[in-house]
């Protein structure tokens, strides 16, 4: 069975290191001239998939923007995931789940079990009930060849108060998360399937990422203020494992398919230059 890390490395090598979010929030639907309802949601998601799923490495639907429409929104999310994967894109479902015991196992089953209609290639999770609480997700990902991206150093202003807090052992909370994920990828020769989310706008923080041996999702680029050149300051020697993520910078170019493709090509060119 091919692992998520192996599939991601192949996709990044063949299509380029780019993740594009699918974030159908109300303001973006309005910008596209779409109604803020299920019909607008379906049109938006279908257009993004048609424009980009056969050309970018990863598409990242934000589950909340589908869930807000209830069961009909979730049905569209299921369709978006399926169509994206059929077109060749890897799907990273942005759900940021985090819980304990059987509840975490249920979340993992919902998004990673091959029998689930919501099955994605990878999901985002939150480690702030302890990295160990995510064990059911790690185990199912290993069993099914899926991936997990764990929040580590986020770019929101509130994040630093928790992530940069220092434990009695002298490590920051974020470094503890980084080190535990590094252990899960130890010995993998291509690319580990357990990644981290590290904001592109955080600058130099002194955290050590060189041993992660897994993908490093870098949101915050484009409309959120981050630039491709910021990636060098944040990731240093780990640039080869960085997966830059754009949402509004690309999506705002819609609704025309050609314009979406041109925007994706433009930012991909910029990140290729920055990553060398």
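Residue numbers (this note's numbering): 98 to 373. Cβ atoms here follow ideal geometry from the backbone N, Cα and C, with glycine treated the same way.
Rounded to the nearest angstrom, the gap between the Cα atoms of residue 283 and residue 244 is 15 Å. Within the same chain, 119, 121, 173, 177 come within 7 Å of residue 142 by CB-CB distance, once the 5 residues on both sides are set aside.
Leaving aside the five residues that flank residue 299 on each side, the residues in its chain whose CB is nearer than 7 Å to its CB run, in chain order, 250, 252, 331. Unbroken beta strand (DSSP E) runs of no fewer than 3 residues, entirely contained in the segment 155-232, are found at 155-158, 187-194, 219-222, following chain order.
In the three-state scheme derived from DSSP, where H, G and I count as helix and E and B as strand, residue 342 is classed as strand. Take the alpha-carbon of residue 321 and the one of residue 124: they are about 15 Å apart. Straight-line measurement puts the Cα of residue 209 at about 7 Å from the Cα of residue 238. In the three-state DSSP reduction, residue 115 falls in the coil class, being neither helix nor strand. In the DSSP assignment, residue 349 is bridged to no other residue.
Taking the Cβ atoms as the reference, residue 194 lies roughly 6 Å from residue 222, within the contact range of under 8 Å. In the structure shown, residue 336 adopts helical secondary structure according to DSSP, grouped into three states. Remark: C-beta atoms of residue 281 and residue 242 do not approach each other more closely than 9 Å. Within a 10 Å sphere around the beta-carbon of residue 265 sit fewer than 16 other beta-carbons, which makes this residue exposed. Judged by DSSP in its simplified three-state form, residue 292 adopts strand.
It is roughly 45 Å from the alpha-carbon of residue 199 to the alpha-carbon of residue 356. The alpha helix (DSSP H) runs of length 4 or more contained entirely in the segment 128-157 are, from start to end of the chain, 135-149. The beta-bridge partner set that DSSP reports for residue 235 is empty.
With a cutoff of 9 Å on beta-carbon distance, residue 158 and residue 188 are scored as near each other.
About 6 Å separates the beta carbon of residue 372 from that of residue 114, a gap short enough to meet the 8 Å contact definition. Only residues of its own chain outside the window of five on either side were considered, and among them 194 have a CB closer than 6 Å to the CB of residue 204, listed in chain order. Between residue 105 and residue 218, the C-beta gap is smaller than 9 Å, which places the two residues in contact. It is roughly 15 Å from the alpha-carbon of residue 248 to the alpha-carbon of residue 232. Cβ atoms of residue 184 and residue 146 come within 8 Å of each other, at about 7 Å. About 6 Å separates the CB atoms of residue 160 and residue 191; that is less than 8 Å, so the two are in contact.
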